[in-house]
Amino acid sequence: MIYPLVTDLAAESVPVAVTCRVLGFSKQGYYRWKASPVTERDWIDAHLVNAAVDIHAEDPAFGYRFIADELPEKGITAGENKVQRLCRDHGIWSVFSKKRGLNRKPGPPVHDDLVERDFTAAAPNELWLTDITEHPTAEGKLYLCAVKDVYSGRIVGYSMDARMKSLLAVAALENAVRARRPEGTVVHSDRGSQDGFNRSSQHLDSGGSDGRPAGWMKALTGRSAMKSPGKPSLRRDTERAFWRAIATGCTSEVAATSVGVSQAAGTRWFRDRGGMPTFMLTSPKGRYLSFEEREEIALLKAQGSGVRQIAQELKRSPSTISRELCRNAATRAGKLDYRASVAQWKAERFAQRPKTAKLVTNERLHQYVQDKLAGVVRAPDGRIVTGPGAPEWTGRNKPHRGDREWVTAWSPEQISNRLKVDFPDDESMRISHEAIYQALYIQGRGALKRELVLHLRTGRALRVPRARSKRQSWAHVTEETLISNRPPEVADRAVPGHWEGDLVIGLQRSAIGTLVERTTRFTMLIHLPREEGYGIIPRTKNGPALAGYGAVTMADALAKTITTLPQQLRQSVTWDRGKELSDHARFTVDTGVRVYFADPKSPWQRGTNENTNGLLRQYFPKGTDLSRWSSDDLAAIAHTLNTRPRKALGWKTPAEALEEQLRSVQQPGVATTG
0 MIYPLVTDLA
10 AESVPVAVTC
20 RVLGFSKQGY
30 YRWKASPVTE
40 RDWIDAHLVN
50 AAVDIHAEDP
60 AFGYRFIADE
70 LPEKGITAGE
80 NKVQRLCRDH
90 GIWSVFSKKR
100 GLNRKPGPPV
110 HDDLVERDFT
120 AAAPNELWLT
130 DITEHPTAEG
140 KLYLCAVKDV
150 YSGRIVGYSM
160 DARMKSLLAV
170 AALENAVRAR
180 RPEGTVVHSD
190 RGSQDGFNRS
200 SQHLDSGGSD
210 GRPAGWMKAL
220 TGRSAMKSPG
230 KPSLRRDTER
240 AFWRAIATGC
250 TSEVAATSVG
260 VSQAAGTRWF
270 RDRGGMPTFM
280 LTSPKGRYLS
290 FEEREEIALL
300 KAQGSGVRQI
310 AQELKRSPST
320 ISRELCRNAA
330 TRAGKLDYRA
340 SVAQWKAERF
350 AQRPKTAKLV
360 TNERLHQYVQ
370 DKLAGVVRAP
380 DGRIVTGPGA
390 PEWTGRNKPH
400 RGDREWVTAW
410 SPEQISNRLK
420 VDFPDDESMR
430 ISHEAIYQAL
440 YIQGRGALKR
450 ELVLHLRTGR
460 ALRVPRARSK
470 RQSWAHVTEE
480 TLISNRPPEV
490 ADRAVPGHWE
500 GDLVIGLQRS
510 AIGTLVERTT
520 RFTMLIHLPR
530 EEGYGIIPRT
540 KNGPALAGYG
550 AVTMADALAK
560 TITTLPQQLR
570 QSVTWDRGKE
580 LSDHARFTVD
590 TGVRVYFADP
600 KSPWQRGTNE
610 NTNGLLRQYF
620 PKGTDLSRWS
630 SDDLAAIAHT
640 LNTRPRKALG
650 WKTPAEALEE
660 QLRSVQQPGV
670 ATTG
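Numbering-wise, the sequence shown is residues 0 to 673 according to numbering that gives the first Met the number 0.
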């Protein structure tokens with residue numbers, strides 16, 4: 000910046016117009032600079048830059064170190080780091096006179112440009128374009144490399160990673176080749192060094208940039224050419240140790256530190272694999288060479304040992320050592336140069352057996368899974384119930400604490416097993432629940448949008464253990480209502496008509512009552528609207544319960560709901576120790592339904608109801624006002640749960656199981672003869 004010189008000359012009565020004209024810039028630019036506030040540091044830096052420009056003009060060979068040595072003569076004192084920063088920002092470089100060769104181009108060596116800006120194709124797989132783009136996310140930057148077919152305009156292959164490495168482009172091209180199996184395709188990219196091609200355009204089956212014939216690498220090593228890894232990535236053994244530490248309960252940060260990698264790397268491993276390793280935690284033994292053995296091979300080969308001598312030292316077959324030296328060696332100028340780190344990297348790459356996800360190749364299966372995960376909610380009459388809008392996907396691992404979109408939300412296990420019921424004769428409509436989870440959790444699989452994790456029960460983007468809630472116990476339970484006095488027939492679920500109940504609590508003391516039949520898992524939701532005066536009449540101890548689930552109100556609402564069932568299907572209710580059912584004696588007299596209370600802090604004694612409450616949290620998350628939903632809305636959600644297939648019912652739905660129970664109850668007795 001040379002504007003401070005104008006100010007200094009103006010102080011010596013040199014006109015601004017003359018100075019600007021001589022220095023080659025406009026007065027407007029100078030006055031704009033002068034009008035803007037300038038800090039003292041900027042002022043000092045500007046004088047330093049002016050002095051550096053003068054010194055560099057006197058001798059262009061001076062770099063920032065020589066400039067820093069000359070500055071004290073001009074009355075300016077500054078360290079080398081500061082001078083280096085300012086010289087770099089203003090393009091003040093040391094200039095060396097060096098003879099350049101003829102017909103040279105800047106940048107790395109490249110292939111010929113086979114496209115020449117003619118981005119058209121007459122047939123599929125004739126011309127592919129590829130590039131890497133950066134996408135900022137809530138968890139950091141994400142790099143996407145896509146391969147596009149010019150003829151169809153479709154993405155034929157892609158890969159994603161948290162770091163922009165050359166392997167990113169190689170993986171994208173490998174995925175495209177695996178999906179399309181092209182012949183003679185031209186791949187065109189920019190000259191970014193991250194691209195696995197480091198080039199403009201080239202044929203997939205062409206030779207190297209040094210003029211070697213196609214297939215020279217395979218003829219030399221028995222394997223196709225692979226891009227050099229540069230600095231080899233961490234060995235799989237390190238990742239295995241990391242995941243073993245995770246399995247013991249360590250956090251990703253602690254596990255990363257214990258295996259000697261950065262905490263950022265550990266967090267990235269945990270996030271990219273969805274919180275679960277996709278490979279065995281135990282190292283393969285015996286059949287495969289270890290990294291230590293490869294180091295021994297490299298050392299013995301450098302000492303001039305032959306193949307048989309190395310095999311004898313390692314107690315391996317000579318053919319194993321021979322193949323290792325040929326296949327996994329690095330190539331230098333067309334010759335083999337064995338290095339343990341490169342050999343280990345190549346072995347791990349070739350050991351991978353990636354398969355295209357079934358949800359990618361089977362469009363009908365993909366549509367079925369997506370519909371059961373994110374389909375619309377319907378009332379019993381078939382009417383679509385919209386519910387709240389979909390929240391914005393942030394990519395974070397925390398469950399959404401506000402409204403969640405109302406969808407069918409079958410679990411992956413329900414989807415996997417229901418396929419056998421809906422498509423008994425179509426073997427192509429089969430997928431495991433683990434494959435669905437991996438399609439959701441693991442980045443880069445490309446089968447299902449990761450936003451669909453919002454439709455899982457917890458809404459989490461990673462697999463993490465679920466904390467078990469603890470409930471407060473109350474002392475209003477009488478001896479005859481203890482769960483220990485409940486008839487034994489209730490425990491084995493053989494006799495229908497025994498229910499479990501609880502409340503789902505929301506924002507501002509709102510609540511929904513839940514009833515679940517133990518045998519059929521049929522769910523009924525109890526509407527508990529707030530009473531008149533709520534929010535107006537001040538709350539007082541032992542005063543009226545206006546929130547909608549006081550003792551009297553709760554007993555009346557529960558009685559109104561359960562009396563819609565036949566007498567044979569309402570035998571007992573097992574509740575937690577919540578005070579809302581303290582009027583249980585009147586409830587039993589009015590309905591004939593016996594009430595039992597679970598032991599304190601023992602939610603497993605009402606496991607069916609606790610599980611159902613967890614399912615309901617998908618529609619009624621914690622921290623939301625539950626009083627805004629009408630009884631029709633609750634009926635729609637109950638209908639949605641009752642029409643989901645359940646593993647415990649042999650993949651029947653609770654509605655189907657209850658209908659069978661009703662038929663058995665209504666069927667008259669049949670006389671038998673001896």
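Virtual Cβ for every residue (Gly too), placed ideally from N, Cα, C.
Pick from K559, T563, F596, Q566 that is closest to D575, judged by C-alpha positions: F596
Under 8 Å, with one C-beta from each stretch per pair, do the region 629 to 645 and the region 372 to 390 reach the 3-pair mark? yes
Option in T519, A544, D555, P620 with minimal Cα separation from T607: T519
With DSSP as the reference, identify every bridge partner of L143, one or two as the case may be. T132, M159
At which residues does the beta strand (DSSP E) containing S571 begin and terminate? 571 to 574
Work out the CA separation of I511 and V384 for me, nearest whole Å. 18 Å
Within 10 angstroms of its Cβ, does K230 collect 16 or more other Cβ (buried), or is it exposed? Summary for K230: the model assigns pLDDT 49, below 50, so the residue's position carries little reliability; its value from the coordinates is reported in the next sentence. So K230 ends up on the exposed side.
Considering only the alpha carbon of each residue, which of E72, D336, L70, G62 lies closest to C86? G62
Which residue marks the beginning of the alpha helix (DSSP H) containing W32, and which one marks its end? 26 to 34
Kindly indicate the opening and closing residues of the alpha helix (DSSP H) around W268. 262 to 271
Could you tell me if P653 is buried or exposed, where buried requires 16 or more neighbouring beta carbons within 10 angstroms of its beta carbon? buried
Which of helix, strand or coil does DSSP assign to R64? helix
Are the Cβ atoms of Q413 and P644 separated by less than 8 Å? yes
Within this structure, are the beta carbons of V185 and L126 separated by less than 8 Å? yes
Mapping DSSP to helix, strand and coil, what is M523? strand
Exposed or buried, W92, counting other C-beta atoms within 10 Å across all chains shown (16 or more means buried)? exposed
So, does the region 578 to 587 touch the region 551 to 562, judging by three or more C-beta pairs under 8 Å? yes
Within its chain, find whatever has a CB closer than 7 Å to the CB of D148; leave out the 5 residues flanking it on each side and keep chain order. P123, N124, W127, V155
Specify the secondary structure class of Y595 as computed by DSSP and reduced to three states. strand
Output the distance between the C-alpha atoms of K600 and E609, rounded to the nearest integer angstrom. 12 Å
Rounding to the nearest angstrom, what Cα-Cα distance links I441 and S509 in this structure? 37 Å
Would you list the one or two residues that DSSP bridges to A510? I504
Excluding the five sequence neighbours on either side, which residues of its own chain have a C-beta within less than 7 Å of the C-beta of A255, listed in chain order? F241, S261, Q262, A264, G265
Using the rule of at least 16 other Cβ atoms within 10 Å of the residue's Cβ for burial, across every protein chain shown, is G210 buried or exposed? For G210, the predicted model reports a pLDDT of 40, less than 50, meaning its position is unreliable; a value from the coordinates is still stated below. Exposed, since its Cβ has fewer than 16 Cβ neighbours within 10 Å.
Taking a contact to mean a Cβ-Cβ separation below 8 Å, would you say L568 touches Q660 in this structure? yes
Have a look at F65 and G74 and give me their C-alpha separation to the nearest angstrom. 15 Å
Endpoints, the beta strand (DSSP E) within which H365 is located: Note, H365: premise wrong, no beta strand (DSSP E); alpha helix (DSSP H) at 362 to 373.
Hey, how far is the Cα of H134 from the Cα of V15? 47 Å
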